[in-house]
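What follows is a single structure, written as structure tokens, with notes after it.
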Amino acid sequence: MNDPIADMLTRIRNAQMRGKSVVQTPASKLRGWVLDVLADEGYIRGYEKVTGGNGHPALEISLKYFDGAPVIRELKRVSKPGRRVYLGVKDIPQVRQGLG
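If you're matching positions, the sequence shown starts at -13 in my numbering and goes up one per residue.
Structural data, given as structure tokens:
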């Protein structure tokens, strides 16, 4: 797998489209750090480290819904391995009136 973050984001998007309450992704420190940010900002309920069906460590992500709709409306990777995007913190545009 070339892009583990994009894979995790796709798993989250797909699970939310199906109305799932939890989704699993292979465990890594980088994925854990991204999930920490999503949890701190209130986009997911949280996550925990578990053993996946194949015996390898996995992260079980608890998804968050509000009135039956996913809290995350859009989730995509901007800087990709094939095309890096570098911006200063002041240059990052505000999305959805600062809520996105």
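Think of the CB as a built atom: it goes at the ideal place given N, C-alpha and C, for glycine as much as any other residue.
- Cβ atoms of L73 and I(-2) stay farther apart than 8 Å, at about 23 Å.
- Residue S14 holds the alpha-carbon nearest to the alpha-carbon of T37 among S14, R63, M(-13) and D(-7).
- For E46 against Q10, the beta-carbon gap comes to about 5 Å, under 8 Å, which counts as contact.
- Inclusion of K6 and I30 in the CB contact set at 8 Å is not warranted, their separation being larger than that value.
- One Cα belongs to A25, the other to S48, and the distance between them is close to 10 Å.
- Taking a 10 Å sphere around the C-beta of L16, we find fewer than 16 other C-beta atoms and assign the residue as exposed.
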